[in-house]
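The structure under discussion appears below in the form of structure tokens.
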Amino acid sequence: MLKIEFKNGDQREYPEGITLLQVAEEISTKMAKNAVVAVFNGELADLNTRVQEDGSLEIIGFEDERARSVYRHSSAHVLAQAVKRLWPDTKLAIGPSIDKGFYYDFDSSHTFTPDDFKLIEDEMNKIIDADYPIIRKELNRDDALKFFAERNEVYKVELIEELPEEAVISVYQQGEFVDLCAGPHVPSTGRLKVIKLTSLAGAYWRGSEDNKMLQRIYGTSFPQKAMLDDYLHKLEEAKKRDHRRLGRELGLFVVLEEGPGFPFFLPKGMIIRNELEKFWREEHRKAGYHEIRTPIILSRDLWEKSGHWEHYKENMYFTKIDEQDYAIKPMNCPGGMLVYKQNLHSYRELPLRTAEMGLVHRHELSGVLHGLMRVRAFTQDDAHIFMLPEQIIDEIKGVIDLVDRFYSLFGFTYHVELSTKPEKAMGSDEIWEMATKALARALEEKGLDYKVNEGDGAFYGPKIDFHLRDSLDRTWQCGTIQLDFLMPEKFDLTYIGEDGGKHRPVMLHRVIYGSIERFIGILTEHFGGAFPTWLAPVQVRILPITERQHDYGRKVLRELENEDIRVEIDDRSEKVGYKIREGQMQRIPYLLIVGDREAEQGSVAVRHRKQGDLGPRPLQEFKVMIKEEIAGKVI
RNA sequence: GCCGAUGUGGCUCAGUGGCAGAGCAGCUGAUUCGUAAUCAGCAGGUCGCCGGUUCGAAUCCGGCCAUCGGCUCCA
């Protein structure tokens, strides 16, 4: 007999060889029915596993993230089985679970289209209805290679060949279908209930541009239809928050065919932008920065010196002036270097923090452009901090604090990554290691969790990246802090030290918003267009009920204008319900309805875009309230 | 850049070989109304662009451009 301990502390004895699913059934049939996978001795295990040793057991269902991932992974296998049935010459690549579903990559002579989804889903449902047990088998390397080679599964063969010598090679079988897989899986195909294929995409084998492009089919799955409906509904809602759509609907910004990747900012979008910049300038002044502006076009020599010519050429635009080569700046740093060099600097001046709202242009591949999130011209809220080596950690920590101050103000949650030396980088490994360690130390001293992103640093230095989420949960890098020992070297930057001699400063490149454009994109989606009042392009709209109140309405308008509140009046001859609807759709924070009663009492009937009708109150009172809200940058 | 899909009025979309349509928005007029759409009328289109097939192309074919979803790449 074996002893099994459960999560609640209970211990029970079972005969050797019992499956984990049978154990679950003995405890509760309901639990067994909802079970997806087991956690045995802390490791995920198939419910079909026969127990051979004492251990702790936890049975988890779809509500557990680990189980959800197994459920989707099994769904991917069913997708592959269906595709193999329908197009037998298809070769299988990989099929993992992902955040909200799964995908499988195929190499097939058939080109999949969305019209195939119905057919594939029907076949998947047949496989689910057949309730094939999903059986794990372990093979030795030679047998596994032979097995997949015979079936012409060249990608599987490649995967096996690259598995480490000691790796256990397992396959999972369901009906006629066998796939190389570490597992675990649900015990049988019937455990899957509702599946839906969602999209198609090309994807390079092993994620490398040099390899063949495979066809990826994305899907998702749930144990209940209602959960799928809920998911699809949320997706629809998220699409309504898409900044490209809201940008147009609210008259904020637009990207046109005439300028792919070059966004236009409309009057209302400019208000948001200018408010963000105003806040930025205030905060940076307080944090000891001084602002500069460097040219958009600078000579080729400069870019050769900085290393951009060698390392960043494919992303740059060029022009000729009087037969001389010039480049449109893709980064602000070289210009910032030249500014530093205009004077001799004493160690007493350091850290020297120079900030620049710099418009940069980068040639991005056409396929990556995405509204304001990924463009070819954007404004970085850049700064270059020149400092003594012993100031590095404190300066990095100062920037981290500033990022947090900004992001918290908008109620953003963010995650942090540390990107290390890329393939095409300048400088020695020693310098890179020193710089990377400094960034890591600053993060650790701040107690921030971070993920290491190997090889993703800038060509001149490692970086800390701050990522924000859009409405569809895609993450975008916004803030970044990059430590650079190389540019100061290349530009021969110096300061006069205490000893009277020349020394080399260290430099930090950093942005908080990242790009104003991207940040506004994220902001728009985050707030669903309902910007906090301090940012809202129109903060108040006055809605007279009839023409009789137009004079009073205009008086209210003037009074609010005198307080620098962005206010307008809707004096069209429409019913108040119509005006309210339009005001709501424009996400205007406050609609002030003025009728005879208000005109008589000098009051306004306040309607908040989220809280609805707040009732009448004296205009003075409203003024005080909204001014406080704006000054406090309340979200 | 690569894979797939899409492109019809400002917006959302119908039209799949035979006279370019609807709703919303816009304009004009009427209406003067109390918390999410008042009524009527008018105007608005090189059907992404270029070429081909055809008596005839928004519709079929080819090329290009842009957009969308991914991949790769990055703020």
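Using the numbering used here, read the first sequence as starting at 4 and increasing by one per residue.
For glycine and all other residues, C-beta sits at the position ideal for the given N, C-alpha and C.
{"query": "Taking the straight line between their C-alpha atoms, what separation do you get for C184 and I172?", "result": "8 Å"}
{"query": "Rounded to whole angstroms, how far is the Cβ of L200 from the Cβ of I220, which I believe are closer than 8 Å?", "result": "6 Å"}
{"query": "Roughly how many angstroms separate the alpha carbons of E46 and Q14, rounded to a whole number?", "result": "19 Å"}
{"query": "Tell me whether the stretch 552-570 and the stretch 504-512 touch, counting them as touching only if at least three CB pairs, one residue from each stretch, are closer than 8 Å.", "result": "no"}
{"query": "Taking E566 as the reference, give the member of R379, F625, A241, P266 with the closest Cα.", "result": "F625"}
{"query": "How many whole angstroms separate the CB atoms of Y350 and G500, which I take to be in contact at a CB cut-off of 8 Å?", "result": "5 Å"}
{"query": "What are the residues that DSSP puts in a beta bridge with R477?", "result": "Bridge partners of R477: none, in fact."}
{"query": "Where does the unbroken beta strand (DSSP E) through P270 begin, and where does it stop?", "result": "Where P270 is concerned, there is no enclosing beta strand (DSSP E), although the alpha helix (DSSP H) it sits in stretches over 270-289."}
{"query": "Kindly identify the DSSP beta-bridge partner or partners of A204.", "result": "R219"}
{"query": "I123 and L82 look like a contact to me (Cβ under 8 Å); what is the Cβ gap, rounded to whole Å?", "result": "7 Å"}
{"query": "Would you call the stretch 381-398 in contact with the stretch 415-427, where contact means no fewer than 3 C-beta pairs closer than 8 Å?", "result": "no"}
{"query": "Where E448 and I198 are concerned, what is the direct C-alpha to C-alpha distance, given to the nearest angstrom?", "result": "46 Å"}
{"query": "Out of G64, Q55, D476, which one is the CA nearest neighbour of V40?", "result": "G64"}
{"query": "Can you check whether the CB of Q485 is closer than 8 Å to the CB of G464?", "result": "yes"}
{"query": "With contact counted as at least three CB pairs below 8 Å, one residue from each stretch, are the stretch 98-111 and the stretch 125-143 in contact?", "result": "no"}
{"query": "Examine the Cβ distances between the stretch 489-508 and the stretch 439-448 and report whether three or more of them are shorter than 8 Å.", "result": "no"}
{"query": "Just to confirm the assignment, what range does the beta strand (DSSP E) spanning F115 have?", "result": "F115 -> no beta strand (DSSP E), and no H or E assigned at all."}
{"query": "Which word fits V541, buried or exposed, when buried means at least 16 other C-beta atoms lie within 10 angstroms of its C-beta?", "result": "buried"}
{"query": "Tell me which residue opens and which closes the alpha helix (DSSP H) that N37 is part of.", "result": "32-37"}
{"query": "Let me know if R408 comes out buried or exposed under the rule of 16 or more other beta-carbons within 10 Å of its beta-carbon.", "result": "exposed"}
{"query": "Taking the beta carbon of Q177 as the centre, do at least 16 other beta carbons fall within 10 Å, making it buried, or is it exposed?", "result": "buried"}
{"query": "Spell out a yes or no on whether the stretch 49-66 and the stretch 77-91 are touching, meaning 3 or more CB-CB pairs, one atom from each, closer than 8 Å.", "result": "no"}
{"query": "Counting Cβ pairs closer than 8 Å, one from the stretch 589-596 and one from the stretch 531-546, do we hit at least three?", "result": "yes"}
{"query": "Can you tell which of Q345, V579, I515, R612 has its C-alpha closest to the C-alpha of H287?", "result": "I515"}
{"query": "When you measure from the CB of K400 to every non-hydrogen atom of the ligand ADP, does any distance come out below 7 Å?", "result": "For the ligand ADP, the structure offers nothing, since it holds no ligand at all."}
{"query": "Taking H311 as part of the beta strand (DSSP E), name the residues at either end of that continuous run.", "result": "It is not in any beta strand (DSSP E) - H311 instead sits in the alpha helix (DSSP H) that spans 311-314."}
{"query": "On the DSSP letters alone, give me the boundaries of the beta strand (DSSP E) that K578 sits inside.", "result": "Run containing K578: none; DSSP gives neither H nor E here."}
{"query": "Where does I295 fall in DSSP's three states?", "result": "coil"}
{"query": "Which stretch, first to last residue, makes up the alpha helix (DSSP H) that contains E141?", "result": "Run containing E141: none in the alpha helix (DSSP H); it sits in the beta strand (DSSP E), 138-142."}
{"query": "With distances taken Cα to Cα, identify the nearest neighbour of E16 among K6, Q25, K10.", "result": "K6"}
{"query": "Between the Cα of P270 and those of L301, D573, G254, F389, spot the shortest distance and give me the residue it belongs to.", "result": "G254"}
{"query": "Is DSSP giving T416 helix, strand or coil here?", "result": "coil"}
{"query": "On a Cα-Cα basis, can you pick out the residue from I137, S224, K159, N155 that is closest to Y74?", "result": "S224"}
{"query": "Check whether the Cβ atoms of T322 and Y315 lie closer than 8 Å to each other.", "result": "no"}
{"query": "What are the start and end residues of the alpha helix (DSSP H) that includes A608?", "result": "Careful: A608 lies outside any alpha helix (DSSP H), inside the beta strand (DSSP E) at 606-611."}
{"query": "Could you compute how far the alpha carbon of Y555 sits from the alpha carbon of G482?", "result": "47 Å"}
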